[in-house]
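Just so we're aligned: the sequence shown equals residues 287 to 418 in my numbering.
Here's the structure we're looking at; comments come further down.
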Amino acid sequence: MPGIAVAQHAGEDAAVRKPLEAYLQGHATGDGAYMRQAFLPTAHIEGIRDGKFVSWTADEYIAGFKGKPAEDEAQRKRSIDRVDVSGNAAMARATLDYPGGTFTDYFVLLKVDGEWKIANKVWTRNPKPAMP
Numbered sequence: 287m288p289g290i291a292v293a294q295h296a297g298e299d300a301a302v303r304k305p306l307e308a309y310l311q312g313h314a315t316g317d318g319a320y321m322r323q324a325f326l327p328t329a330h331i332e333g334i335r336d337g338k339f340v341s342w343t344a345d346e347y348i349a350g351f352k353g354k355p356a357e358d359e360a361q362r363k364r365s366i367d368r369v370d371v372s373g374n375a376a377m378a379r380a381t382l383d384y385p386g387g388t389f390t391d392y393f394v395l396l397k398v399d400g401e402w403k404i405a406n407k408v409w410t411r412n413p414k415p416a417m418p
């Protein structure tokens, strides 16, 4: 029945968003505990920083969260833009719009022991032009 499939998919979509929302809350608060809720312990985070490839384990990434929000937190906006679920795997995209640049984060998620977690994240940053 098409209606049942849609309802089940909607439920999974909401469940996949839970670790993504924890991830965004971790950024908003600076609290690494939210990140621990979001990521598998084996996750990797990769991107280009200052023109160089970086790759962190979940522990290395989470260690950067010091427990307090950024000074410009009131000017920061974050959104989950897209979620695509297939069985026990999903992918998602989020945008983090900060005063100095816009980050686009891409996630691969897995449902492990009935719970969705971020398995890996890659990101890119587009700097904003300096204000005159």
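For each residue, glycine too, the CB sits at the ideal point set by N, CA and C.
- With contacts defined as CB atoms closer than 8 Å, G353 and D317 qualify as a contacting pair.
- With respect to A380, L326 sits apart: the two C-beta atoms are not nearer than 8 Å.
- Inclusion of R303 and V394 in the CB contact set at 8 Å is not warranted, their separation being larger than that value.
- Around the beta-carbon of A376, 16 or more other beta-carbon atoms lie within 10 Å, marking it buried.
- Note that the stretch 403-411 touches the stretch 323-337; at least 3 beta-carbon pairs, one per stretch, sit closer than 8 Å.
- Annotation: S341 to Y347 spans about 9 Å, alpha carbon to alpha carbon.
- By the Cβ-count criterion, G337 is exposed, with fewer than 16 other Cβ atoms from all chains shown falling within 10 Å of its own Cβ.
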